[in-house]
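> My structure is below; once you've seen it, I'll send some questions.
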Ligand SMILES: C[S@@+](CC[C@H](N)C(=O)[O-])C[C@H]1O[C@@H](n2cnc3c(N)ncnc32)[C@H](O)[C@@H]1O
């Protein structure tokens, strides 16, 4: 009976995620887990939009709460976003930590067109579109990096918070995370977007991200809990203190 319930909640191929993912009811519970005091600043214009029926449940709001609660409470010296797109996630990060140095990495359209990117969520945005939302606000704590994470190595000092939201192929999620982990401050946070084991059968790119994270759990690259606010698509992992 319990086995059947678990299989419904977490598909069987994610043998490690089953043990490691803890679902929370709200960002208030996330604050409780880490003893944090501050509510997120939800400055992202698209948080009430939805693209799918599965999104109508305020998923974008839950995503924004997940990222913003971490950033607002950690106040990272250095934060990294992999996958800038139009830069609305970067705006949210900046609003919650205006004194941080935020680096955001996006593959250039030329590299994508030359076939050097991956497959999932590898849209070739025009160069001027990449980061356009934060540029429109003239935010001064953001550095744009145009690079393909397949060949880029972080060279931005010790990273306090990393938001991994670039190519969603399992191989990229796995490799991007492994690279980032080498530069993370112990006690820092790694977040993956499009992570939600309950939706991995519905959305191929979510399944692909979950497989990458599961592989990281299986080979011991990450150990310990991954928190997921209910209905969000963001996995939250604290790098262990040594
Ligand atoms: C889902 S979007 C990012 C959304 C953004 N983080 C936000 O919150 O609004 C994914 C982005 O990753 C970029 N990307 C895909 N493959 C990449 C790669 N190999 N290296 C760097 N960026 C990549 C895509 O061009 C796209 O702009």
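Numbering (the numbering used here), first residue to last: 7 to 248. By construction, the Cβ of each residue, glycine as well, lies at the ideal position given by its N, Cα and C atoms.
Spell out the partners DSSP gives residue 244 in its beta bridges.
Paired residue(s): 195.
> Excluding the 5 residues flanking residue 15 on each side, which residues of the same chain have their C-beta closer than 7 Å to its C-beta?
Low confidence applies here, because residue 15 scores a pLDDT of 49, under 50, leaving its location unreliable; read the following figure in that light. Same-chain partners within the cutoff: 204.
> May I ask you to check if the CB of residue 1 is nearer than 7 Å to at least one heavy atom of ligand 1?
Nothing can be reported for residue 1: it is not among the residues displayed for the chain, which extend from 7 to 248.
> Spatial neighbours of residue 216 within its chain, please: C-beta separation below 7 Å, excluding the five flanking residues on both sides.
Here the set comprises 20, 23, 201, 203, 206.
> Less than 8 Å between C-beta atoms, sequence neighbours within five positions excluded: which residues of the same chain meet that for residue 159?
Within the same chain, residue 159 has close Cβ partners 185.
> Taking the C-alpha atoms as reference points, what is the distance between residue 77 and residue 223?
Rounded to the nearest angstrom, the two C-alpha atoms are 24 Å apart.
> Grab me the residues of residue 230's own chain with a C-beta within less than 8 Å of its C-beta, minus the 5 sequence neighbours each way, in chain order.
Here the set comprises 26, 243, 244, 246.
> Under the three-state reduction of DSSP, which class applies to residue 127: helix, strand or coil?
Of the three classes helix, strand and coil, the one that applies to residue 127 here is coil, per DSSP.
> Going by alpha carbons, who is nearest to residue 172 out of 90, 69, 140, 71?
Answer by Cα proximity: 90.
> Return the first residue and the last residue of the beta strand (DSSP E) that residue 166 is part of.
Start and end: 165-170.
> Just to confirm the assignment, what range does the beta strand (DSSP E) spanning residue 179 have?
Looking at the DSSP string, residue 179 is not in any beta strand (DSSP E); the run it does join, the alpha helix (DSSP H), is 176-187.
> So the alpha helix (DSSP H) residue 222 belongs to, where does it begin and stop?
210-224 is the extent of the alpha helix (DSSP H) around residue 222.
> For residue 194, which of 179, 169, 210, 208 has the nearest alpha-carbon?
For the residues 179, 169, 210, 208, the minimum Cα distance to residue 194 belongs to 169.
> Write down the C-beta distance between residue 164 and residue 191 rounded to the nearest angstrom, noting that I regard them as a contact closer than 8 Å.
Residue 164 to residue 191, Cβ: 5 Å. Contact.
> Please return the same chain residues whose Cβ sits closer than 6 Å to the Cβ of residue 149, not counting the five positions on each side in sequence.
Excluding residues within five positions, the ones whose Cβ falls inside 6 Å are 109.
> Is there at least one non-hydrogen atom of ligand 1 closer than 7 Å to the beta-carbon of residue 205?
No.
> For a test of the three-state rule: what should DSSP assign to residue 202, helix, strand or coil?
Note: residue 202 maps to coil in three-state DSSP.
> Can you tell me the Cα-Cα spacing of residue 32 and residue 235, whole angstroms?
Cα to Cα, the separation comes out at about 6 Å.
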